[in-house]
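Visitor: Chains as they are written, first to last, in the working numbering: chain A, 19 to 223; chain B, 19 to 223.
We put the beta carbon where it would ideally sit given N, CA and C, even for glycine.
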DNA sequence: ATAAGGTTTAACCAAATGGTTAACAAAGAT
DNA sequence: ATCTTTGTTAACCATTTGGTTAAACCTTAT
């Protein structure tokens, strides 16, 4: 029986370092030497544990995506009401991303660079689909509690309002002339602001 | 008097090629040889006209940003009503980006990678600020035509709903299970869908 | 103790890459 | 016509980079 967990685990050190560097510089911008330095180890060890840059990257990307996928799934597959889903997702997502500010950029950038990743990840992770959400929304529209809107459009809007500010942070900070603290405060406000905005937009009057 | 415009202009060829490659691969992922091939010229010519990869990139980035900045400026500085601004921006922006689908990704990615770009660009382009929009919105809130909302938040929401779908295209296509045509159709719908959504959200009932 | 297996390192390597050079071609200017 | 400037190319160069190797170092089961 091989117990690998001596109190300093090289493999974990590498993954953490790779996460930092890849999220900061992207696949192409990252250097293996840089990752090794960040992890405080010899470069050859990276290849000993993860064979190639590509494989190391895919491991990191997969891990990052696994963190975000369940949150999106919660909009689509939970059993709560549309209104509750919007409230919960908005609050939870903004809280989560405030602690992982590089994540969305990293994921969307690499997803755009290499479309294959989606299909790769789709196979290994329980990947959400829109079907259940669609039926739920159609029911509420029929009941008349919600104005007519396509599930796809509402779904896009929910994601957009929550995720975009973090993708556009440098631009937003510059145009609204806010410093780091004020920006964070704006995001904090959005935990309720965004859900009110959406619910206002779709509630029948 | 030096008339440079013989009917094939190498400098323009290079810029067009660089635009394609940089937008597809990013600063780090692009290869000078690849740009030369795309332009159909010798690699040394790139350096003859633009000295270094960095400078060529900055020229391309600047040009790209110059295309988007005036559109954002129109939300902030136009003299029309808030409602008209939202309608016009939504329609114009989605039309514009549908013809330049790589643009937003390119800009936001490089802006996140290298924050200095913002200050560089800010100096050379008439860069929009939020002040005028803020006053306009405060007036409308006081009049009671619009529910209370911070200018910053509304501005972020407008940008988010319009820009995000293009940044998240691969993810959205995958989750909503739509092909290229259906996606384009969704975006076409959004030209009115998004402005209705926003106006619904902020109109006092 | 020591043999065995996993872990770590310094040194090395080939390919790729941004950039340069020197020679050549084309186009104006005189 | 020829001289000068501008545009273009093939060949070259130094450095960077992902990846390999062979030896050294631990840990541990016997």
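Let's see if you can read the secondary structure: which residues bound the alpha helix (DSSP H) around residue 60 of chain A?
Guide: Here residue 60 of chain A refers to the residue found at position 42 when the first chain is read from its first residue. That residue, residue 60 of chain A, is in no alpha helix (DSSP H); it is neither H nor E in DSSP.
Visitor: Cutting at 6 Å between CB atoms, please list the residues of its own chain near residue 164 of chain B, excluding the five before and the five after it.
Guide: Locating residue 164 of chain B in the second chain gives position 146, counting from the first residue. Excluding sequence neighbours, residue 164 of chain B sits near 158 and 220.
Visitor: Just mark residue 141 of chain B as buried or exposed, buried being the case when its beta carbon has 16 or more other beta carbons within 10 Å.
Guide: Start at 1 with the first residue of the second chain, and residue 141 of chain B comes out as number 123. The residue in question, residue 141 of chain B, is exposed, as its Cβ has fewer than 16 Cβ neighbours within 10 Å.
Visitor: Pick helix, strand or coil for residue 209 of chain B, following the three-state DSSP scheme.
Guide: To locate residue 209 of chain B, count along the second chain from 1; it is residue 191. If DSSP states are grouped into helix, strand and coil, residue 209 of chain B belongs with the helices.
Visitor: Could one say the Cβ of residue 186 of chain B lies closer than 8 Å to chain A's Cβ atoms, at least one of them?
Guide: Position 168 of the second chain, counting from 1, holds the residue named residue 186 of chain B. Residue 186 of chain B counts as touching chain A.
Visitor: Measure the CB-CB distance between residue 94 of chain A and residue 161 of chain A and report whether it falls below 8 Å.
Guide: Counted from its first residue, the first chain places residue 94 of chain A at position 76. Counted from its first residue, the first chain places residue 161 of chain A at position 143. Result no, Cβ atoms of residue 94 of chain A and residue 161 of chain A do not sit closer than 8 Å.
Visitor: List, in order along the chain, the chain A residues whose C-beta lies closer than 7 Å to that of residue 192 of chain B?
Guide: Sequence index remark: in the second chain, residue 192 of chain B carries index 174 (1-based). Those within 7 Å of residue 192 of chain B in chain A are 136 and 140.
Visitor: Helix, strand or coil for residue 141 of chain A per DSSP?
Guide: For the purposes of this step, residue 141 of chain A is identified with residue 123 of the first chain, where counting begins at 1. Three-state DSSP puts residue 141 of chain A in a helix.
Visitor: Taking the CB atoms as reference points, tell me whether residue 129 of chain B and residue 129 of chain A lie closer together than 8 Å.
Guide: The residue given as residue 129 of chain B occupies position 111 in the second chain. The residue given as residue 129 of chain A occupies position 111 in the first chain. Contact: no.
Visitor: Using beta-carbon positions only, say whether residue 179 of chain B and residue 175 of chain A come within less than 8 Å of one another.
Guide: Taking the first residue of the second chain as position 1, residue 179 of chain B is located at position 161. Taking the first residue of the first chain as position 1, residue 175 of chain A is located at position 157. In this structure, residue 175 of chain A lies closer than 8 Å to residue 179 of chain B by Cβ.
Visitor: Assuming residue 126 of chain A contacts residue 186 of chain B under a Cβ cut-off of 8 Å, what Cβ separation, rounded to an integer in Å, is found between them?
Guide: Stepping through the first chain from its first residue, residue 126 of chain A is reached at position 108. Stepping through the second chain from its first residue, residue 186 of chain B is reached at position 168. Their Cβ separation, rounded to whole angstroms, is 6 Å, which keeps residue 126 of chain A and residue 186 of chain B in contact under 8 Å.
Visitor: Can the beta-carbon of residue 41 of chain B be found closer than 8 Å to that of residue 120 of chain B?
Guide: Along the second chain, one-based indexing puts residue 41 of chain B at 23. Along the second chain, one-based indexing puts residue 120 of chain B at 102. Closer than 8 Å, so yes.
Visitor: Of all the alpha helix (DSSP H) runs that stay within the bounds of the segment 33-99 of chain B, which reach a length of 4 or more residues?
Guide: The qualifying runs are 50-57, 61-68 and 71-95.
Visitor: Whose C-alpha, out of B/105, B/124, B/32 and B/84, is nearest the C-alpha of residue 69 of chain B?
Guide: Locating residue 69 of chain B in the second chain gives position 51, counting from the first residue. Of the listed residues, the one whose Cα sits closest to residue 69 of chain B is B/32.
Visitor: Identify the contact partners of residue 44 of chain A in chain B, using a Cβ-Cβ distance below 9 Å as the criterion.
Guide: Counting from one through the first chain, the residue named residue 44 of chain A turns up at place 26. Simply 44, 46, 47, 127 and 131.
Visitor: Please work out which residues of its chain come closer than 7 Å, Cβ to Cβ, to residue 110 of chain A, disregarding the five sequence neighbours upstream and downstream, and give them in chain order.
Guide: Residue numbering aside, residue 110 of chain A sits at position 92 when the first chain is read from its first letter. These residues qualify, in order along the chain: 89.
Visitor: Which of helix, strand or coil does DSSP assign to residue 161 of chain B?
Guide: Along the second chain, one-based indexing puts residue 161 of chain B at 143. Residue 161 of chain B falls in the helix class under three-state DSSP.
Visitor: Indicate whether the contact test is met: 3 or more Cβ pairs, each with one atom in the segment 201-211 of chain B and one in the segment 202-218 of chain A, closer than 8 Å.
Guide: The segment 201-211 of chain B vs the segment 202-218 of chain A: no contact.
Visitor: Could you name the residues of the same chain whose beta carbon sits closer than 7 Å to that of residue 36 of chain A, not counting the 5 residues immediately before and after it, in chain order?
Guide: In the first chain, the residue the question calls residue 36 of chain A occupies position 18. Correct list, in chain order: 53, 74 and 78.
Visitor: Would you identify the three-state DSSP class for residue 221 of chain A, choosing helix, strand or coil?
Guide: Within the first chain, numbered from 1, the residue matching residue 221 of chain A stands at position 203. Reduced to three states, the DSSP call for residue 221 of chain A is strand.
Visitor: Near residue 61 of chain B, what residues of its chain come up, given a Cβ to Cβ distance below 7 Å and the 5 sequence neighbours on each side ignored?
Guide: Residue 61 of chain B sits at position 43 when you count from the first residue of the second chain. Same-chain partners within the cutoff: 50, 51 and 54.
Visitor: Nearest chain A C-beta to residue 41 of chain B closer than 8 Å, yes or no?
Guide: Start at 1 with the first residue of the second chain, and residue 41 of chain B comes out as number 23. Residue 41 of chain B does not count as touching chain A.
Visitor: Residues in the segment 77-88 of chain B with C-beta within 7 Å of chain A's C-beta atoms, listed in sequence order?
Guide: Going along the segment 77-88 of chain B in chain order, one finds no residue with a Cβ nearer than 7 Å to chain A.
Visitor: Write down the C-beta distance between residue 104 of chain B and residue 193 of chain B rounded to the nearest angstrom, noting that I regard them as a contact closer than 8 Å.
Guide: Counting from one through the second chain, the residue named residue 104 of chain B turns up at place 86. Counting from one through the second chain, the residue named residue 193 of chain B turns up at place 175. With 8 Å as the limit, residue 104 of chain B and residue 193 of chain B do not qualify as a contact, their Cβ atoms being about 27 Å apart.
Visitor: Hey, is residue 223 of chain B's beta-carbon within less than 8 Å of any beta-carbon in chain A?
Guide: Counting from 1 along the second chain, the entry for residue 223 of chain B is found at position 205. Chain A contact via Cβ: present.
Visitor: Tell me the DSSP secondary structure of residue 148 of chain A in three-state form.
Guide: Taking the first residue of the first chain as 1, we reach residue 148 of chain A at position 130. Residue 148 of chain A: coil per DSSP, three-state reduction.
Visitor: State the start and end residues of the unbroken alpha helix (DSSP H) segment that holds residue 119 of chain A.
Guide: The sequence position of residue 119 of chain A within the first chain is 101, counting from 1. No alpha helix (DSSP H) holds residue 119 of chain A; DSSP gives it neither H nor E.
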